[in-house]
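Just below is one structure, and these are the notes that go with it.
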Amino acid sequence: AVAAPADVSAVAAERASLNYQRWADARRAELNLLLARQTVAWMEARDAARVAFGKTEALAGVAKKLADRPR
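Per the numbering used here, residue 1302 is the first one in the sequence shown, and the count goes up by one each step.
This is how it looks when you write it as structure tokens:
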């Protein structure tokens, strides 16, 4: 049996929709992976900055105590 033109259009539309969904799912997975990697990098940088800031504050406190100490 030969498909009627309307049937062919419906099949083509459904195929296009499925292809788009597959592409969108793959792209979403890629973006999620990229975002996860960037989030990890940001969290590591934030933690390193927090440690560095803490060290700076501690050293500033020690320097102030040494400067305020009578000689």
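Each residue gets a CB set at the ideal place from its N, CA and C atoms; glycine is no exception.
This structure is a prediction, so every number in the text was calculated from the model and none was measured.
Item, Value
"Secondary structure of Arg1370, DSSP reduced to three states", "coil"
"Straight-line Cα distance separating Arg1351 from Ser1318", "48 Å"
"Straight-line gap, Arg1370 to Leu1335 (C-alpha atoms, nearest Å)", "53 Å"
"C-alpha gap between Lys1366 and Ala1337, whole angstroms", "44 Å"
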